[in-house]
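From first to last, the protein sequence lines are chains R and U.
Residue 1 is where the first sequence starts when you use the working numbering, and the numbers rise one by one after that.
Residue 1001 is where the second sequence starts when you use the working numbering, and the numbers rise one by one after that.
All C-beta atoms, glycine included, are put in the ideal place defined by N, C-alpha and C.
Notes follow the structure.
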Amino acid sequence: MPTIANAHPPAPAHGPAIEAVGLRKEYGRKVAVEDLTLTVQRGEVVGFLGPNGAGKTTAMKMLLGLVRPTAGEARILGQPVTDVRVRTRIGFLPEQFRFHEWMRADEFLDFHGRLAGLSLAERRRRISEVLELVGLAARRHDRLRGFSKGMLQRIGLAQAILHNPAVVFLDEPTSALDPIGRREVRELIHRLRERGTTVFLNSHLLGEVEQVCDRLAILDHGRVVRQGPLAELLRQELEVEIEVEPLTPDLLAALTPLCRSLSRNGHRVTATVSDRERLPAIAGVVSAHGARLYRLAPRTVSLEELFVATVEDSGDK
Amino acid sequence: MRRSLRQIATLTWFTVHEAARKRVMAGAIALTVLFIGLYAAGARFGYRSIDSSPNLSDLTRPIFRAFIMLAGLQVTTFVGSLLAIFIAVGSISSDVDGRLLDAVLARPIRRWELVLGKWLGFAIMLLMYVGATTLAVVLVTRVFGGYWPRNPHIGVGALTLSALFLMTLAMVGSSYLSTVTNGVVVIVLYAVGVIAGQLEQVGASLPTPNETLRTAGIVVSLLVPADALWRLASAQMSPPRLVDFGIPSPWTSVNPPTLWMAAWTAGLIVLGVVLASVAFSRRDL
Chain R
1 MPTIANAHPP
11 APAHGPAIEA
21 VGLRKEYGRK
31 VAVEDLTLTV
41 QRGEVVGFLG
51 PNGAGKTTAM
61 KMLLGLVRPT
71 AGEARILGQP
81 VTDVRVRTRI
91 GFLPEQFRFH
101 EWMRADEFLD
111 FHGRLAGLSL
121 AERRRRISEV
131 LELVGLAARR
141 HDRLRGFSKG
151 MLQRIGLAQA
161 ILHNPAVVFL
171 DEPTSALDPI
181 GRREVRELIH
191 RLRERGTTVF
201 LNSHLLGEVE
211 QVCDRLAILD
221 HGRVVRQGPL
231 AELLRQELEV
241 EIEVEPLTPD
251 LLAALTPLCR
261 SLSRNGHRVT
271 ATVSDRERLP
281 AIAGVVSAHG
291 ARLYRLAPRT
301 VSLEELFVAT
311 VEDSGDK
Chain U
1001 MRRSLRQIAT
1011 LTWFTVHEAA
1021 RKRVMAGAIA
1031 LTVLFIGLYA
1041 AGARFGYRSI
1051 DSSPNLSDLT
1061 RPIFRAFIML
1071 AGLQVTTFVG
1081 SLLAIFIAVG
1091 SISSDVDGRL
1101 LDAVLARPIR
1111 RWELVLGKWL
1121 GFAIMLLMYV
1131 GATTLAVVLV
1141 TRVFGGYWPR
1151 NPHIGVGALT
1161 LSALFLMTLA
1171 MVGSSYLSTV
1181 TNGVVVIVLY
1191 AVGVIAGQLE
1201 QVGASLPTPN
1211 ETLRTAGIVV
1221 SLLVPADALW
1231 RLASAQMSPP
1241 RLVDFGIPSP
1251 WTSVNPPTLW
1261 MAAWTAGLIV
1271 LGVVLASVAF
1281 SRRDL
């Protein structure tokens, strides 16, 4: 199996990989991205989530310098993204991957290798390596016109990692892939992470994000409504089942301020709380009301529940 | 600087390669070869009957001899003009709309480098096409009619410049307009340029020259100098007597443009590349 080698020396190891401050994009009166402020450290794999139309692709294109922001600033590896030099260290797989289909797979990669500034020897070596990596080695002399959607997505991935970039932006990288292809891409992302590459993954496949990402940013209505380390975010959101006798209206009223949400079903209550420290507090309130506590069972929520709760929450505001 | 040159060269190579692979010019080249064959046959008979006609004076004979070559050049120039427009008409808009540039422009490449790289690629193709076809007509005329134009280098240069201008105009349009709209606009501008040039000739050759027609023609020629460059080329490739002839026709001119028109057009082309670059730099992908 080919390895991901170091064609470029690592960048000075200071400053975040991706930094956006107040990025905003208006198209006429329509605001596509209201305020994108986020920081991704080097070597992190960050999942960028959001419902359809939240502005994810526009946000990503501003980070890449493909869309000019109305306001705000984007920096990659400490440099403004408008500086072309920093773009030698960026890889990008666009969402609607459309490539020049008159080219052969190897020509296509050679073209991108040249644009990325790779020498002839580097291109020769890397083209073989990445074709192997995405499982298209046997098709290197075939025209892209004859490629299936899945194969085009694979060649797009090959193009994105061809020059061993320090930061890779992947916009829905598995949308056209079958389950095996998806697993291969997950493995590829793991390998990129092992190599210290920063990966910015835009995906609506929450399972995928949960498996590969260290960090999460959720975009809704053009702003980042939640971001942080994935494990921490999932830990923050706890679902608790409480069984208590007697469940008086007074007790219920006393529990409500401790919980984010609360629903009653007979003498059971299902609540979400922000952290574990709320659990003893709940037990305290129950005993202070003279009620008997039969069950106080916390359960970590899934990413899907977190995502839905976050987006619904931001939609309500 | 070196990086810029390398990126521009890559895109120029890419543009030529794409046109060759997609056989963009194949149809035009095949038809042109066919036309030059027909022209050779026509020239052979045409020159024979001109040279054997007892009714032509020594004054008018060279004029008719020039007309045959100019008619041939007019066809290749027209095809060259359309080709120039069509290769560049979607050069930016269709690639942007087709989302073909997202991955390319995330690379270390500036927008103007892409514009210039593509422009150079188109220019190389047009230089080859217009140069080869114009030269073919001139050589065929020499072989079958024994006619050699006065200043063929200026003629070929002016016609090439005209094609480069139309290609640049289409590229500027392509950075602002959608492909179809741009195609319509550029063809209309080209047609207006040609017709205004002809009206200018009519206005100038009336017994009392019509200043309105002349001025309108000059203004349009300055904006779309395709017809003016054709007149420059035809005047430079005709005998001096024909230039003084003073009747309006597609092949003759009253007061043909000078070489300043060529310099002006070169300036317009540079301005066009700058405008296309600026417009494209402001465009969101």
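Taking a C-beta distance under 9 Å as the contact criterion, L1169 of chain U and V1224 of chain U qualify as a contact pair. A distance below 9 Å separates the beta carbons of V40 of chain R and E19 of chain R. Every beta strand (DSSP E) of 3 residues or more that sits fully in the segment 208-265 of chain R is shown, in chain order, as 215-220, 223-229, 238-245, 261-265.
Annotated three-state conformation of K25 of chain R is strand, per DSSP.
For F1165 of chain U, the closest Cβ of chain R is not nearer than 9 Å. L1101 of chain U is positioned such that its CB atom lies no closer than 9 Å to that of L1222 of chain U. Annotated three-state conformation of T197 of chain R is coil, per DSSP. At least one CB atom of chain R sits nearer than 9 Å to the CB of A1106 of chain U. F169 of chain R is a Cβ neighbour of F200 of chain R, given a cutoff of 9 Å. Listed in chain order, the beta strand (DSSP E) elements of length 3 or more contained wholly in the segment 1067-1136 of chain U amount to none. Note: A297 of chain R is bridge-paired with R:E241 in the DSSP secondary-structure output. For L1116 of chain U, none of the residues of chain R pass the 9 Å Cβ criterion, the least Cβ distance being about 14 Å.
Secondary structure at R75 of chain R: strand, using DSSP grouped into helix, strand and coil. The beta carbon of K56 of chain R sits closer than 7 Å to the beta carbons of F48, G50, N202, L219 from its chain, once the five residues preceding and following it are set aside; these are given in chain order.
Residues of chain R whose Cβ lies closer than 9 Å to the Cβ of T1265 of chain U do not exist, since the nearest Cβ in that chain is about 32 Å away. Within 9 Å of the CB of T1010 of chain U, the CB atoms of chain R belong to F111, R114, L115, in sequence order along the chain. Exposure of I1195 of chain U is indicated by the presence of fewer than 16 other C-beta atoms within 10 angstroms of its C-beta. Taking 9 Å as the threshold, the shortest C-beta distance from G1090 of chain U to chain R does not fall below it.
Not a single CB atom of chain U sits nearer than 9 Å to the CB of L131 of chain R. Out of R:R98, R:L133, R:R226, the CA that lies nearest to the CA of E187 of chain R is found in R:L133. Counting along the chain, the unbroken alpha helix (DSSP H) around V1273 of chain U starts and ends at 1259-1281. When the five nearest sequence neighbours on each side are left out, the beta carbons in the same chain lying within less than 7 Å of the beta carbon of A1228 of chain U are those of G1197, S1221, P1257, M1261, in order along the chain.
DSSP places N202 of chain R within a strand segment (E or B) once states are collapsed to three. Distance between G53 of chain R and V33 of chain R, taken at the CA atoms: about 10 Å. For the segment 75-97 of chain R, residues whose beta-carbon sits nearer than 7 Å to a beta-carbon of chain U comprise V84, R85, R87, T88, I90, F92, P94, Q96.
For L36 of chain R, the enclosing beta strand (DSSP E) starts and ends at 30-40. Counting only Cβ-Cβ distances below 8 Å, F99 of chain R has contacts in chain U at L1100, A1103, in chain order. Secondary structure of P1152 of chain U (DSSP, three-state): helix.
Using beta-carbon distances, A176 of chain R does not count as an interface residue toward chain U, since no partner is under 9 Å.
Between M1025 of chain U and E210 of chain R, the alpha-carbon positions lie close to 51 Å from each other. With respect to the 9 Å criterion, A1066 of chain U and P1152 of chain U are not classified as neighbours on the basis of their beta carbons.
Judged by DSSP secondary structure, R1044 of chain U falls within the alpha helix (DSSP H) whose first and last residues are 1026-1052. Secondary structure note for D171 of chain R: its beta strand (DSSP E) is the uninterrupted segment 167-171. Residue state for P179 of chain R is assigned as helix, using DSSP reduced to three classes.
Look at F1067 of chain U: its C-beta is not under 9 Å from any C-beta on chain R.
Interface annotation, K61 of chain R: in contact with chain U, CB-CB separation under 9 Å.
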